[in-house]
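In our numbering, the protein residues as written are 111 to 247.
All residues carry an ideal CB built from backbone N, CA and C; glycine is no exception.
Notes follow once the structure below has been shown.
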Amino acid sequence: MLSNRFNLDKDAEINMTPMLDVVFILLIFFIVSTSFVQHNKIEIERPQANSAEVSHGTPLILSIDAAGRMYWDNQELDIYYLPATLQQLAATTPNARLLIMADQRCPTGVTIKALDIANQAGLQHSAVAAEPMGFGQ
């Protein structure tokens, strides 16, 4: 009687449905939780320079477009609010580095004014972004 309860003729099956469900849930989790970084939404054509160097680390970026408008965190920022923004940054982040990404058609005075404001705010490590020139140009 006991031997009738266990039928040895049945093939063992592995149900893959729960495993596939878990894999798809993990896939959805990673897709949703991934942050897609967009460095700059503003169209900027950087000037070229022979002495351009690669900057290491992640500096804070102030963008200036061809018309001289400033953008901080991809939001337009009036130049009158720039000193307070940079002073707050200097107070909260020691050794903060500011990278000014100015368009090559931007008025030079606006870029110089932004550098001056950064120095007055206490940011000692400020730079203007440039494209390295290729050989033979």
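Environment of residue i [buried if 16+ CB atoms lie within 10 Å]
i: Ser143; result: exposed
i: Ala201; result: exposed
Residue range of the unbroken alpha helix (DSSP H) whose run includes residue i
i: Met211; result: Looking at the DSSP string, Met211 is not in any alpha helix (DSSP H); the run it does join, the beta strand (DSSP E), is 207 to 212.
i: Gln230; result: 218 to 231
i: Ile171; result: Counting along the chain, Ile171 falls outside any alpha helix (DSSP H), though it belongs to the beta strand (DSSP E) covering 170 to 174.
Residue i versus residue j - alpha carbon distance
i: Leu233; j: Phe140; result: 37 Å
i: Asn229; j: Glu241; result: 23 Å
i: Leu170; j: Pro128; result: 46 Å
i: Ala206; j: Leu137; result: 37 Å
i: Ala82; j: Val132; result: No statement about residue 82 is possible, as the shown extent of the chain runs from 111 to 247 and does not include it.
Beta-carbon proximity list for residue i, same chain, < 7 Å, skipping 5 on both sides
i: Gly178; result: Cys216, Pro217, Val220
Close Cβ partners of residue i (< 6 Å) along its chain, the five nearest in sequence each way excluded
i: Leu209; result: Pro169, Ile171, Ala237, Ala239
Terminal residues of the beta strand (DSSP E) in which residue i lies
i: Gln185; result: 185 to 187
i: Ala237; result: 235 to 238
Check your understanding: Counting Cβ pairs, one atom from each stretch, are 3 or more of them under 8 Å apart for the stretch 174 to 189 and the stretch 213 to 224?
Key -> The stretch 174 to 189 is in contact with the stretch 213 to 224.
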